[in-house]
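K.L.:
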Amino acid sequence: MPILILGVDIISENPKRFAVVSWFNGKLEKKGEFTFYRLVRFIRAKRPDIIAMDNIHELGDDLKKFLRALPQGTKLVQVTGRPGEQKSLWSLAKENGIRVGDKFDPYEEAKVCALLASKGVGYEVLAFEDEVIIKVSRGRSQGKGGWSQDRYRRRVHNLIQNKVREIEETLRRADIPFDLEVEEKDYGLARGEFKVYASREELVGLIKPMHGGDVEIRIKPVERKSLEFVPLKSEKAIQVRKSVIIGLDPGITVGIAALDLDGNIVAVYSERNMAVSDIVRFISDVGHPIIVATDVNPAPGLVEKIARSFKAILYVPRESLRVEEKNELLRSLGISVDDDHQRDALAAAYKAYLRLKPKLDHVDAKLRELGLMKKSNEIKALVIQGYNLGEAIMRVKLREKPKEEIKVLPEEESVDVTPYIEKIKELEKTIKMLERENQELRAIIEEQKKRIEKLGDKLAYYDEEVRAKVIRSKEIEIRDKRIAYLEKELKEAKAIIEKLSRDLVLAKRMHLLELKGSAVPLKVLESLTWKEIEKLERSARIKKDDVIYVINPSGAGKSIAEYLVEKEIKALISAKTLPNNVYEVLRENKVPVFYEDEIKVKRVDEFAIVDREELEKAIEQRLAQWEEEDREKEIQEFLRLVEEYRIERIKELKKKAEEES
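To convert, note that position 35 of the sequence shown is 35 in the UniProt record's numbering; the numbers rise steadily by one, no gaps.
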């Protein structure tokens, strides 16, 4: 399957600009010049298989940001080799038969990087483990004590327990290995911490972070302690190492123990937050694991993963080892350990050894008879892996190449070992001094732990005081907001009262004029809209025989005119020309319409009147005018029908005459 490789080289430092050349299916293409953030966006859009550079530190402080931004499946490769073992780009090009141009510019270097990576030259840069830490804990502070706070605390601990169980079930359904460490409290959990042996991308859609509520979930990928460089092509085979039995106790704190095939302790170690790569490296430094053992049944996910990575046999006891049994196993070994994790790992390894011991003793007895005890370790490892004794011996012999006979030096040519003995004594003294120093440091650590606990108690008390102050300030803030809200409501209520008072005065004045009979009060509409009509209805109401005065009638519709007709208004006076559809509805329903040039309107502010006699006369004339116009229309319509009939009759007579002739 063809792969996409991007060769990248820096052009300038400030601001950072990069030259990019792509290699795809044997074809090279110059992609141009990119800033750092544009380069990241380009990579996320194209999702290349490899980003090839001659020196990743050209990215400077942005290196980790760049590694975090890489899409899943994209490798960052340094083609020139591991730090401290790097070769020049041009010498690598020559070794791999790559032709280099005369001009050594950033684009040429980017091209060479892409071509070298396409040939499998270079080292992949690894910044993150295939591990994720998921922490489930309390989200909000619980505050001071008391019955309500106790209930709240218990509720939160139950919520944490439910969320931990939910995540645990999700991981099991997805068949993702993990280890879990919890802190029990109040018949629930105060916290839960998962160590998941999968990449962050594998958890997308399965588990989501949570912030701001009673329960908080944080998901954090595990960074390697230092960048690792893994060759794109396999290097020389690993030299033959001593075969060992590994006991492994996984969790937030990892315990590791190693025994050789004679049951001797090779190593016992524990460390908190130990990454998978660190575990693999530690075991590789100790020897080659033939068996990886656990003290619990079923085996934890990490133990299975480590066994698979070394292609070792997984040993799981028939049932989980009890604490008493583990302590008894350590007593039979005659050793004490620093913590429970070392104890569990060592007990697991020793239990696996005891299961194999009869077979291993039988192999040793046969090898003594055959004089092959020097090859005991290799032969026993093969027997454990499933070979019978004869097959194992033959495989070991076939591995050996003929060796030249070693000449024994004459006595006078023998090597003087005195300096080495002195060096050993000196190193033994150093070890004792370091052991004493280690004990002193452990005492200091214990003292510091106690001090941290005391400071933690003080901090908790301080938190309570701060919380009380915050609550008081919040109460004051709520009170101030309430006062401001009530003041606003009071202001609005006063404005409404003032408006209603004005409307009442206006209504009284209009009623007085109506009683006198000399003038007709008009109900004023600033515009002929539903909003203004509703406003008028609320203040004075539109009644039968009211006269409406409109300042601006533009935009009014037929429905408004029909509403006024339903109200049985006496007339409508407009300051401007009415829209046609409004006028037609009013005329059809015999509601007289006047304009300011046809009738005199007296107006002061929101109050308007018209002379009663003038209005009555104008209404009478307008209705008479419309009646005359309607009568004229009827006569014209009748004459039109007579004329049409006459024309049709003439046509029929002509047609008849033509037929007779």
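Every residue, glycine too, gets a C-beta built ideally from N, C-alpha and C.
Go to Ile51, then tell me how far its beta strand (DSSP E) extends in each direction, as first and last residue.
P.N.:
Start and end: 50 to 53.
K.L.:
Quick one: grab the DSSP three-state call for Ser199.
P.N.:
If DSSP states are grouped into helix, strand and coil, Ser199 belongs with coil.
K.L.:
Tell me, which residues are paired with Gln78 by DSSP?
P.N.:
Met53, Tyr123
K.L.:
Taking 7 Å as the line, does the beta carbon of Asp260 fall inside it for any heavy atom of the ligand ZN?
P.N.:
For the structure depicted, the ligand ZN is absent and the ligand set is empty, with no information on it obtainable.
K.L.:
Near Glu435, what residues of its chain come up, given a Cβ to Cβ distance below 7 Å and the 5 sequence neighbours on each side ignored?
P.N.:
none
K.L.:
Looking at the unbroken alpha helix (DSSP H) that takes in His211, where does it start and where does it end?
P.N.:
Run containing His211: none; DSSP gives neither H nor E here.
K.L.:
Take Lys651 and list the residues in its own chain whose beta-carbon comes closer than 7 Å to its own, dropping the five residues that flank it on each side.
P.N.:
none
K.L.:
Out of Lys558, Ile476, Val610, which has the shortest C-alpha to C-alpha gap to Ser518?
P.N.:
Looking at the Cα atoms, Val610 is the closest of the given residues.
K.L.:
Can you check whether the CB of Ala117 is closer than 8 Å to the CB of Arg224?
P.N.:
Result no, Cβ atoms of Arg224 and Ala117 do not sit closer than 8 Å.
K.L.:
Which two residues bound the contiguous beta strand (DSSP E) that contains Glu33?
P.N.:
Counting along the chain, the beta strand (DSSP E) containing Glu33 begins and ends at 27 to 35.
K.L.:
Decide yes or no for the touch test of the segment 360 to 373 against the segment 274 to 293: beta carbon pairs closer than 8 Å, at least 3 of them.
P.N.:
No, the segment 360 to 373 is not in contact with the segment 274 to 293.
K.L.:
My output table needs one value for Thr170: the three-state DSSP class, helix, strand or coil.
P.N.:
In the displayed model, Thr170 falls within a helix according to three-state DSSP.
K.L.:
Just the Cα atoms here: how many angstroms apart are Gly188 and Arg17?
P.N.:
54 Å
K.L.:
Quick check on DSSP: helix, strand or coil for Gly557?
P.N.:
Coil at Gly557, not helix or strand.
K.L.:
In its own chain, which residues sit with a C-beta less than 7 Å from the C-beta of Lys30, not counting the 5 before and 5 after it?
P.N.:
Val21, Tyr107
K.L.:
How many Å lie between Arg173 and Phe104 at the Cα?
P.N.:
55 Å
K.L.:
Taking residue 682 as part of the alpha helix (DSSP H), name the residues at either end of that continuous run.
P.N.:
In the structure as shown, the chain begins at 1 and stops at 661. Residue 682 is therefore absent and cannot be evaluated.
K.L.:
Please determine if the segment 48 to 65 and the segment 190 to 200 are in contact, where contact requires at least 3 C-beta pairs separated by less than 8 Å.
P.N.:
no
K.L.:
Figure out for me which residue from Lys499, Gly555, Ile483, Asp480 has the closest Cα to the Cα of Ser539.
P.N.:
Lys499
K.L.:
In whole angstroms, what separates the C-alpha of Glu648 from that of Val565?
P.N.:
42 Å
K.L.:
Answer with buried or exposed for Phe594, where buried requires no fewer than 16 other C-beta atoms within 10 angstroms of its C-beta.
P.N.:
buried
K.L.:
Only counting the same chain, and skipping five residues up and downstream in sequence, which positions put a Cβ closer than 6 Å to that of Tyr269?
P.N.:
For Tyr269, where only same-chain residues beyond five positions count, the Cβ hits under 6 Å are Ile256.
K.L.:
Using DSSP with H/G/I as helix, E/B as strand and the rest coil, what is Val383?
P.N.:
helix
K.L.:
Specify the secondary structure class of Ala608 as computed by DSSP and reduced to three states.
P.N.:
strand
K.L.:
Given Leu159, which residues of its chain have a CB within under 7 Å of its CB, disregarding the five upstream and five downstream residues?
P.N.:
Asp214, Val215
K.L.:
Quick check: what's the CA-CA separation for Arg308 versus Gly212?
P.N.:
40 Å
K.L.:
When DSSP labels each residue in this structure, what does Ile599 get in the three-state scheme?
P.N.:
coil
K.L.:
Do Lys195 and Glu271 have their CB atoms nearer than 8 Å?
P.N.:
no
K.L.:
Could you tell me the alpha carbon to alpha carbon distance between Asp545 and Ala484, rounded to whole angstroms?
P.N.:
47 Å
K.L.:
Less than 8 Å separating the beta-carbons of Ile393 and Leu372?
P.N.:
yes
K.L.:
Return the chain-ordered list of same chain residues with a C-beta closer than 8 Å to the C-beta of Ile313, the five sequence neighbours on each side being excluded.
P.N.:
Ile290, Ile291, Val292, Ala307, Ile384, Gln385
K.L.:
Is the segment 4 to 15 touching the segment 38 to 52, taking contact as three or more C-beta pairs under 8 Å?
P.N.:
yes
K.L.:
Assuming Glu598 contacts Ala618 under a Cβ cut-off of 8 Å, what Cβ separation, rounded to an integer in Å, is found between them?
P.N.:
7 Å
K.L.:
Locate the beta strand (DSSP E) running through Phe24, then write down its first and last residues.
P.N.:
17 to 24
K.L.:
So Asn581 and Gly557 are supposed to be a Cβ contact under 8 Å. How far apart are they, rounded?
P.N.:
7 Å
K.L.:
Within 10 angstroms of its Cβ, does Gln78 collect 16 or more other Cβ (buried), or is it exposed?
P.N.:
buried
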